[in-house]
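*Asks:* Numbering (my numbering), first residue to last: 214 to 425. Ideal Cβ positions, reconstructed from N, Cα and C, are used throughout, including at glycine. Here you go, one structure.
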Amino acid sequence: MTDLLRRTRARGGTHGEQPMFPTIIAVRNGRVVAGVSTPRLQATLSAARTLAVGVDAAALVLAAQAEVEGRPVLVHTVMTRDRRAKQVLQRVELGPGERVAVGEPQDGGTPQDDTVVTALAEAMGHRPVDVTRVARRDTAGTFGEDLYLPPEQGRVVVDAGTVRTLHDRVRGVAGEVFYVPRSPEAARLALEAGLPRPTLLGPAGPEEPVDG
214 MTDLLRRTRA RGGTHGEQPM FPTIIAVRNG RVVAGVSTPR LQATLSAART LAVGVDAAAL
274 VLAAQAEVEG RPVLVHTVMT RDRRAKQVLQ RVELGPGERV AVGEPQDGGT PQDDTVVTAL
334 AEAMGHRPVD VTRVARRDTA GTFGEDLYLP PEQGRVVVDA GTVRTLHDRV RGVAGEVFYV
394 PRSPEAARLA LEAGLPRPTL LGPAGPEEPV DG
């Protein structure tokens, strides 16, 4: 979120005329995996089902900038896989230049935007892709060879295809897509599988396993 706010300030927003674009974030295994940001709420929400199915999100989060008592805040609408919704607020502190600090999350109560809640709930009702059935590209089915990638590799390949689809969908409307790999090895595999390089954010340290 801090990075997205920083980009917004760089293009002249956040001070009022152009707040941070509505952004949808997919969370899996307790960490951010991918996200989509566009100028229009409906365009951003249109990515919800693709993220829920393609990256097997445990939760989807719609983040948008608002003002409370004249101060900027981030409003997060969170929807879990079992379709429970909550709202989380974070204060935004703007420093000189592009410096941005985001405060601690605070309980925001029940989400007020039924359009957002409905879209996220419908998306999370769809079954995710089975990553155990991702075919290898380097085998012709020779006897004794496994036709499918190991699930942890299949996960990264499906992630890459999902992000590529979203990137192609939103780049014509000034949208951005990002992907956060679990490790440098996962980043390499994702790029080999067709992940657009501009969507790749820095991978985690090399000590982490390659499980996407």
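Would residue 285 be called buried (16 or more neighbouring beta carbons within 10 Å of its own) or exposed?
*Replies:* buried
*Asks:* Would you check if the distance between the CB atom of residue 349 and the CB atom of residue 361 is smaller than 8 Å?
*Replies:* In contact: residue 349 and residue 361 (Cβ atoms closer than 8 Å).
*Asks:* So residue 306 is in the beta strand (DSSP E); what residue range does that whole segment cover?
*Replies:* 298-307
*Asks:* Is the region 291-304 in contact with the region 328-340, if contact means three or more CB pairs nearer than 8 Å?
*Replies:* yes
*Asks:* In chain order, what residues of the same chain have a beta carbon less than 6 Å from the beta carbon of residue 369, not counting five sequence neighbours either side?
*Replies:* 399, 402, 403, 425
*Asks:* Is the Cβ-Cβ distance between residue 268 and residue 247 less than 8 Å?
*Replies:* yes
*Asks:* Along the chain, where does the alpha helix (DSSP H) containing residue 325 start, and where does it finish?
*Replies:* The continuous stretches of alpha helix (DSSP H) do not include residue 325, and DSSP gives it neither H nor E.
*Asks:* Below 8 Å CB to CB, which residues in the same chain sit around residue 306 once its five sequence neighbours on both sides are set aside?
*Replies:* So the list reads 313, 314, 315, 316, once near-sequence residues are dropped.
*Asks:* What are the partner residues of residue 250, as DSSP defines its beta bridges?
*Replies:* 236, 389
*Asks:* Given that a residue counts as buried once 16 or more other Cβ atoms are within 10 Å of its Cβ, and exposed if not, what is residue 233?
*Replies:* buried
*Asks:* Quick one: what's got a C-beta closer than 8 Å to residue 325's C-beta in the same chain, skipping five residues either side?
*Replies:* So the qualifying residues of the chain are 300.
*Asks:* In this structure, does DSSP put residue 285 in helix, strand or coil?
*Replies:* strand
*Asks:* So, is residue 272 buried or exposed, given that buried needs 16 or more other C-beta atoms within 10 angstroms?
*Replies:* Under this definition residue 272 is a buried residue.
*Asks:* On the CB-based measure, 16 or more other CB atoms within 10 Å of its CB, does residue 244 come out buried or exposed?
*Replies:* Exposed.
*Asks:* Can you tell me the Cα-Cα spacing of residue 382 and residue 251, whole angstroms?
*Replies:* 11 Å
*Asks:* What is the DSSP secondary structure of residue 344, reduced to helix, strand or coil?
*Replies:* helix
*Asks:* Would you please state the rounded distance, in angstroms, between the beta carbons of residue 270 and residue 239? I believe it to be under 8 Å.
*Replies:* The beta-carbon distance between residue 270 and residue 239, rounded to whole angstroms, is 4 Å. This is short enough to meet the 8 Å contact definition.
*Asks:* Between residue 377 and residue 333, how many whole angstroms is the CB-CB distance? I'm expecting something under 8 Å.
*Replies:* Not really, about 23 Å apart at Cβ, beyond 8 Å.
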